[in-house]
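Protein chains: 2
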Amino acid sequence: MKNIDEKKKTSSEWFKVLQNNICSELEVLESNYSDSNCKFKIKQWKRDKNGLDDLGGGEMRVMRGKIFEKAGVNVSTVYGALSDKLVNKIPGSEKGASFWASGISLVIHPKSPKIPAIHMNTRFITTKKSWFGGGIDITPSDKESLESKKIAKFFHKELKKICEEYKKGSYEKYKKWCDDYFFLPHRNESRGLGGIFFDYIDSGSWNQDMKFIETVGNTFINVYKKIVIDTVNLPWNIKDKELQCHRRSRYVEFNLLHDRGTKFGLETDGNIDAIFMSLPPSASW
Amino acid sequence: MKNIDEKKKTSSEWFKVLQNNICSELEVLESNYSDSNCKFKIKQWKRDKNGLDDLGGGEMRVMRGKIFEKAGVNVSTVYGALSDKLVNKIPGSEKGASFWASGISLVIHPKSPKIPAIHMNTRFITTKKSWFGGGIDITPSDKESLESKKIAKFFHKELKKICEEYKKGSYEKYKKWCDDYFFLPHRNESRGLGGIFFDYIDSGSWNQDMKFIETVGNTFINVYKKIVIDTVNLPWNIKDKELQCHRRSRYVEFNLLHDRGTKFGLETDGNIDAIFMSLPPSASW
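Heads up: the sequence lines are chains U and B, in that order.
Going by my numbering, the first residue of the first sequence is number 1, and it counts up by one from there.
Going by my numbering, the first residue of the second sequence is number 1, and it counts up by one from there.
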């Protein structure tokens, strides 16, 4: 059984490895399917702006390409005292409590309205307790089209596989959690076509939980690569682009009005560019 | 001295008259300075979706034109029981309290990055107390340019005139209130170049307060008309447009993360299209 420091080390190092792998794969797709040689721009940041305290930080990577109009893949490992706003709102916290959180978060907004946008996030958090959380979900521009439904079917099938392998019955639970979470009550509509969402994962076997987190990351790469390859050459027109800009406006609404990650970032004084990396390159209302 | 029903009638009727006047003036500008004959589209809505209760409603008017890429001018008069979320948050409310609120709200996003975006809102609210609130502020795309600073100077001069005529010292107070309110703490930047903002106005002379509210509305028309005429023919390029889309992204962030009007609308079950009418036709992150 690993002690807590080993768990922190293993998880945070994995998030960095995954960031590298994902960025490499996206750069290859970008150069294979366009004449661009766009690469991710890397920017490191520290949470303590004055440089006096060690409060952690992160590495933000953003590519603005021809296939991936805006792709952001961030890792961060932050720690310190929980702000008053968060005390008692997350498990194992109390006044004066400290926290440690490490994770990877990515959002990809492809240029073609035929390629769905995708989001993936996995994290390990410790307070007096410790747990994993994360999720992955897709947002096609046209949620109703047969094409999109076919993609969603494949996407969910792959997710079901890894969830059921991790724990029987977890797919249904995580799928529902995703549907409930990525929902815009003021619009009475879902953000996209779902996926999985999970939090407070602590099964008793840290190694198994960590393995599931790794599998989610690797599955993201394989599944999204296939989706991109299958859709990147589909023709699209101005109407498709308008629908994409409309869909992106809902993405903005969700992230600014509802997303817990955005709130957590703002309330723990995270890097503003990293927090808002998820926002689309364009949106229309 | 008017009784409360007369005050409600006078104020809510004024907001309708002002809506008419503003829309007419904007349509004239639209047709004078472009080859479009775009008009406002009018949509009425009721707050009670089932039509069983009378909870008020409003009239939304939106024009998507060639000069005014998106102009929304809404009036609403809503009433009923305050939701739990709002009880004790606004003056004169308590559990089970009812409210009545009438107002006009407009946001104009011009196509040319050289014409500033503008927002204006005035309202009369009653609970156990009653008061006026409102404000007007401009957001040029390029906050630093000499052109914008010149416009802001003229804008503030006119606002100072009407504030000081209403009440000595009020301009400084309302200007500071505006600067404090239209500020994005997470960006450490102001939304635009300010204006005036005021709330809980109840001087003891309802007629004088009402007259000030009318003057704010009429001043909006005169001042914005002059600003549009002075800037509509200025040339602009793609860089200016990009800056406009950037500025608009901050507008979205402010309205979704901070704006009290948006929160009030969502929490009083207002019309979602009317609440989000303020969001720009396009934005970039």
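Yeah, the Cβ is synthetic: ideal placement off N, Cα and C, and Gly gets one too.
Owing to the predicted nature of the structure, the values given are computational and were not obtained by experimental measurement.
1) From what residue to what residue does the alpha helix (DSSP H) around leucine 106 of chain U run?
2) Given that proline 281 of chain U touches chain B, what residues does it touch there, using C-beta distances under 7 angstroms?
3) Report back the beta-carbon spacing between serine 284 of chain U and histidine 258 of chain U to the nearest angstrom; my notes put them in contact at under 8 angstroms.
4) May I ask which residues mark the beginning and end of the beta strand (DSSP E) holding serine 130 of chain B?
5) So if DSSP puts threonine 231 of chain U in a beta bridge, which residue, or which two residues, is it bridged to?
6) Are the beta-carbon atoms belonging to threonine 231 of chain B and glutamate 158 of chain B less than 9 angstroms from one another?
7) Tell me the residue span of the alpha helix (DSSP H) that contains isoleucine 275 of chain B.
8) Helix, strand or coil, according to DSSP, for glutamate 189 of chain B in the structure here?
9) Just checking: is the beta-carbon of cysteine 178 of chain U within a distance shorter than 9 angstroms of some beta-carbon in chain B?
10) Here's the rule: buried if 16 or more other CB atoms are within 10 angstroms of the residue's CB, otherwise exposed. What is tyrosine 200 of chain U?
11) Using the three-state DSSP reduction, which class does threonine 268 of chain B fall into: helix, strand or coil?
12) My output table needs one value for leucine 184 of chain B: the three-state DSSP class, helix, strand or coil.
13) Using a cut-off of 7 angstroms between C-beta atoms, extract the partners of isoleucine 272 of chain B located in chain U.
14) Comparing alpha-carbon positions, which option in U/Pro281, U/Gly204, U/Lys149, U/Glu267 lies nearest isoleucine 89 of chain U?
15) Cβ of isoleucine 275 of chain U less than 9 angstroms from any chain B Cβ?
16) What residue range is occupied by the uninterrupted beta strand (DSSP E) comprising aspartate 199 of chain U?
17) Can you give the beta carbon distance from arginine 187 of chain U to arginine 250 of chain U, rounded, assuming they're within the 8 angstroms contact cut?
18) Drop a sphere of 10 angstroms on the beta-carbon of valine 28 of chain U, count the other beta-carbons inside from all chains shown, and report buried for 16 or more, exposed for fewer.
19) Whose C-beta lies closer than 8 angstroms to the C-beta of arginine 61 of chain B among residues of the same chain, with five residues either side of it excluded?
20) The alpha helix (DSSP H) with phenylalanine 124 of chain B in it runs from where to where?
21) Any idea if glycine 169 of chain B is buried or exposed, counting beta-carbon neighbours within 10 angstroms, 16 or more meaning buried?
22) Are the beta-carbon atoms of leucine 256 of chain B and glutamate 189 of chain U separated by less than 9 angstroms?
23) From lysine 70 of chain B to arginine 123 of chain B, what does the alpha carbon distance come to, in whole angstroms?
24) Give the DSSP bridge partners of tyrosine 79 of chain B, in chain order.
25) Report buried or exposed for proline 6 of chain U, applying the criterion of at least 16 other Cβ atoms within 10 angstroms of its Cβ.
26) Report the rounded CA-to-CA distance for isoleucine 213 of chain B versus threonine 262 of chain B, giving the unit in angstroms.
27) At a CB-CB cut-off below 9 angstroms, which residues of chain B make contact with valine 252 of chain U?
28) When you compare each of U/Gly80, U/Ile162, U/Asp53 to threonine 126 of chain U by their alpha carbons, which one comes out closest?
29) Shorter than 9 angstroms from the beta carbon of lysine 70 of chain U to some beta carbon of chain B?
30) Would you tell me roughly how many angstroms separate the C-alpha atoms of isoleucine 275 of chain B and aspartate 269 of chain B, rounded to the nearest one?
Result, derived from the coordinates:
1) Run containing leucine 106 of chain U: none in the alpha helix (DSSP H); it sits in the beta strand (DSSP E), 98-109.
2) Scanning chain B for C-beta atoms nearer than 7 angstroms to the C-beta of proline 281 of chain U yields Ser284, Trp285, reported in chain order.
3) Between histidine 258 of chain U and serine 284 of chain U the Cβ distance is about 20 angstroms, and since that is not below 8 angstroms, they are no contact.
4) Taken as a continuous stretch (DSSP letters only), the beta strand (DSSP E) holding serine 130 of chain B covers 130-139.
5) BP columns for threonine 231 of chain U are empty, so no partner.
6) No, these two residues do not count as a Cβ contact at 9 angstroms.
7) DSSP places isoleucine 275 of chain B in the uninterrupted alpha helix (DSSP H) bounded by 272-275.
8) In the three-state DSSP reduction, glutamate 189 of chain B falls in the strand class (E or B).
9) Among the residues facing chain B, cysteine 178 of chain U is not included, as its CB has no counterpart in that chain under 9 angstroms away.
10) Looking at its Cβ environment, which holds fewer than 16 other Cβ atoms inside 10 Å, tyrosine 200 of chain U is exposed.
11) Correct three-state label for threonine 268 of chain B: coil.
12) Leucine 184 of chain B falls in the strand class under three-state DSSP.
13) Within chain U, the residues near isoleucine 272 of chain B are His186, Arg187.
14) For the sequence presented, residue 89 of chain U should be read as lysine rather than isoleucine. When each option's Cα is compared against that of lysine 89 of chain U, the closest is U/Glu267.
15) Proximity of isoleucine 275 of chain U to chain B, defined by a Cβ-Cβ separation below 9 angstroms, is satisfied.
16) It spans 195-201 - the beta strand (DSSP E) in which aspartate 199 of chain U sits, taken as one unbroken run.
17) With 8 angstroms as the limit, arginine 187 of chain U and arginine 250 of chain U qualify as a contact, their Cβ atoms being about 7 angstroms apart.
18) Answer is exposed; the Cβ neighbour count stays below 16.
19) Answer for arginine 61 of chain B: Gln19, Cys23, Phe40, Lys41, Ile42, Lys43, Gly72, Val73, Asn74, listed in chain order.
20) Following the DSSP letters along the chain, one finds phenylalanine 124 of chain B in no alpha helix (DSSP H) but inside the beta strand (DSSP E) bounded by residues 117-126.
21) So glycine 169 of chain B ends up on the exposed side.
22) No, they are not a contact pair.
23) Inter-residue distance for lysine 70 of chain B and arginine 123 of chain B is about 22 angstroms (C-alpha atoms, whole angstroms).
24) Answer is B/Trp100.
25) First, the amino acid is wrong: residue 6 of chain U is glutamate here, not proline. Exposed, because fewer than 16 other Cβ atoms sit within 10 Å of the Cβ of glutamate 6 of chain U.
26) Approximately 21 angstroms between the Cα atoms of the pair.
27) Here the neighbours are Ser249, Val252, Glu253, Leu256, Leu279, Ala283, Trp285.
28) When C-alpha distances from threonine 126 of chain U are compared across U/Gly80, U/Ile162, U/Asp53, the shortest belongs to U/Gly80.
29) Closer than 9 angstroms to some Cβ of chain B, the Cβ of lysine 70 of chain U qualifies, so yes.
30) Cα-Cα distance, rounded: 10 angstroms.
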